[in-house]
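**Student:**
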Amino acid sequence: MTFLVTGATGSVGRHVVAHLLEAGHRVRALTRDPSRARLPEGAEVVQGDLSRAESLVPALEGVEGVHLIDAADSAYAPLQNGAEIVAALRDAGVRRVTLLSGWSPGTLEAAVTGSDLAWTHVQPTEFMANALAWAEPVRTRGVIEEPFAATRTAMVHEADIGAVIATALTEDGHEGHSYGLTGPELLDVPAKVRILSEAIGREIAFRELTVDEMRERYRAQGVPEHMIEFQIEVFGNVPEGAYQVTPTVEQVTGRPPRTFARWAAEHAGAFSPGRGA
Numbered sequence: 000m001t002f003l004v005t006g007a008t009g010s011v012g013r014h015v016v017a018h019l020l021e022a023g024h025r026v027r028a029l030t031r032d033p034s035r036a037r038l039p040e041g042a043e044v045v046q047g048d049l050s051r052a053e054s055l056v057p058a059l060e061g062v063e064g065v066h067l068i069d070a071a072d073s074a075y076a077p078l079q080n081g082a083e084i085v086a087a088l089r090d091a092g093v094r095r096v097t098l099l100s101g102w103s104p105g106t107l108e109a110a111v112t113g114s115d116l117a118w119t120h121v122q123p124t125e126f127m128a129n130a131l132a133w134a135e136p137v138r139t140r141g142v143i144e145e146p147f148a149a150t151r152t153a154m155v156h157e158a159d160i161g162a163v164i165a166t167a168l169t170e171d172g173h174e175g176h177s178y179g180l181t182g183p184e185l186l187d188v189p190a191k192v193r194i195l196s197e198a199i200g201r202e203i204a205f206r207e208l209t210v211d212e213m214r215e216r217y218r219a220q221g222v223p224e225h226m227i228e229f230q231i232e233v234f235g236n237v238p239e240g241a242y243q244v245t246p247t248v249e250q251v252t253g254r255p256p257r258t259f260a261r262w263a264a265e266h267a268g269a270f271s272p273g274r275g276a
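Heads up: the sequence shown runs through residues 0 to 276, numbered per numbering that gives the first Met the number 0.
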């Protein structure tokens, strides 16, 4: 069987590609710029863009399963051509689809879940890879500055997301399910800072930002307003117990989810002086 992975060069897509290859499947990886893909050997890298459904047609030849991501650009704006994408999949004879949600709903989720495709919807909580945003200030100043210090979330390792997606694409029994994915533990920001400090072997300071400071900093970094407000909505002033650990990763893959300590050890070099992320 051949599987097409869209968003193949992203933090999750790379793991989907790797898991499928390790399982012995043929993998076609879709990216806007194949020259920059740097994907594992064995992946067939092809050019295409989900925002242009017609560009998918050559990549879908002979494909039985497709992993989709609902993101039209680097700012994670939702796709507005969901119906066209689903029509292209059906015309190509695709039978099975996984969908990774973006920041906000677009047209793709409704088009996929309303179709006759065997779909699985994957909805992770906060990615552990988001912590790479702290790499530069840790390397240069030894500090992490974030708002909402007390909010406890169950960050999920991107490799676990990829494993769930690869399993749902290749095994029966996942059709029609929406999977909320978390890591194995609830951690507030100071706890995450302590774990990173242990991983890199040096103390990292922490300062809590006010909401106004957060807005000012994110705007200066060019973060779109809708993403700033999304961050405030999901991490600010949340009710006690709003975030919970789910058993889904282990139920789907048969393995317990990876811890943030493991992620931090794997990425410690990105936080070391003189190194890049």
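Here a beta-carbon is modelled for each residue, glycine too, at the ideal position from N, C-alpha and C. None of these values were measured; they are calculated from a predicted model.
Between the segment 120-129 and the segment 137-151, do at least 3 Cβ pairs fall closer than 8 Å?
**Tutor:** Contact between the segment 120-129 and the segment 137-151 is absent, because fewer than three Cβ pairs lie under 8 Å.
**Student:** Alpha carbon to alpha carbon, what distance is there between leucine 99 and isoleucine 68?
**Tutor:** Roughly 5 Å between the two C-alpha positions.
**Student:** Return helix, strand or coil for isoleucine 203, following the three-state DSSP convention.
**Tutor:** Reduced to three states, the DSSP call for isoleucine 203 is coil.
**Student:** Just verifying my parser: in three-state terms, what is the DSSP assignment at valine 56?
**Tutor:** Coil, per DSSP.
**Student:** Quick check on the DSSP output: the alpha helix (DSSP H) that includes valine 16 runs from which residue to which?
**Tutor:** Note, valine 16: alpha helix (DSSP H), 12-21.
**Student:** Look at alanine 269 and alanine 134 and say whether their C-beta atoms are less than 8 Å apart.
**Tutor:** For alanine 269 and alanine 134, yes; Cβs fall inside 8 Å.
**Student:** Smallest Cα separation from histidine 176: which of Leu131, Leu78, Thr97, Ala165?
**Tutor:** If we check each option's Cα against that of histidine 176, Thr97 comes out closest.
**Student:** Can you grab the Cα-Cα spacing for the pair glycine 113 / glutamate 21, in whole Å?
**Tutor:** The alpha-carbon atoms of glycine 113 and glutamate 21 are separated by roughly 32 Å.
**Student:** Excluding five sequence neighbours on each side, which residues of the same chain lie with their C-beta closer than 6 Å to the C-beta of alanine 260?
**Tutor:** So the qualifying residues of the chain are Ile194.
**Student:** Which residue from Ile231, Ala263, Gly105 puts its Cα closest to that of methionine 154?
**Tutor:** Looking at the Cα atoms, Ala263 is the closest of the given residues.
**Student:** Please state whether DSSP places threonine 124 in a helix, a strand or coil.
**Tutor:** Reduced to three states, the DSSP call for threonine 124 is coil.
**Student:** So, does the segment 105-112 touch the segment 74-83, judging by three or more C-beta pairs under 8 Å?
**Tutor:** Because the criterion of three Cβ pairs below 8 Å is met, the segment 105-112 and the segment 74-83 touch.
**Student:** Give a yes or no on contact between the segment 3-19 and the segment 41-58, applying the rule of three or more CB pairs nearer than 8 Å.
**Tutor:** The segment 3-19 is in contact with the segment 41-58.
**Student:** For histidine 78, does the three-state DSSP call read helix, strand or coil?
**Tutor:** Reading the sequence as shown, one finds leucine at residue 78 and not histidine. If DSSP states are grouped into helix, strand and coil, leucine 78 belongs with coil.
**Student:** Under 7 Å Cβ to Cβ from serine 54, same chain only, skipping five residues before and after it: list those, please.
**Tutor:** Hits under 7 Å: Gly47, Asp48.
**Student:** Jot down the residue ranges of each uninterrupted alpha helix (DSSP H) in the segment 108-179, minimum 4 residues, whole runs only, in chain order.
**Tutor:** List check, alpha helix (DSSP H) in window: 134-140, 157-169.
**Student:** Within the same chain, show all residues whose beta-carbon is closer than 6 Å to that of phenylalanine 234, passing over the 5 residues directly before and after it, in chain order.
**Tutor:** So the list reads Phe147, Thr150, once near-sequence residues are dropped.
**Student:** Would glycine 64 and arginine 27 qualify as a contact pair, given that the criterion is a beta-carbon distance under 8 Å?
**Tutor:** For glycine 64 and arginine 27, no; Cβs fall outside 8 Å.
**Student:** Round the Cβ separation of proline 256 and histidine 156 to the nearest angstrom and send it over; I've been treating them as touching at under 8 Å.
**Tutor:** Right, the Cβ-Cβ distance comes to about 6 Å (below 8 Å), so this counts as a contact.
**Student:** Give me, in chain order, the residues of the same chain whose beta-carbon lies closer than 6 Å to that of proline 33; leave out the 5 immediate sequence neighbours on both sides.
**Tutor:** Closer than 6 Å at Cβ, skipping near neighbours: Val44, Gln46.
**Student:** Check the DSSP bridge columns for glutamate 43 and list the partner residues they point to.
**Tutor:** In DSSP, glutamate 43 forms a bridge with Arg27.
**Student:** Whose CA, out of Val111, Ala165, Thr181, lies closest to the CA of threonine 258?
**Tutor:** Answer by Cα proximity: Thr181.
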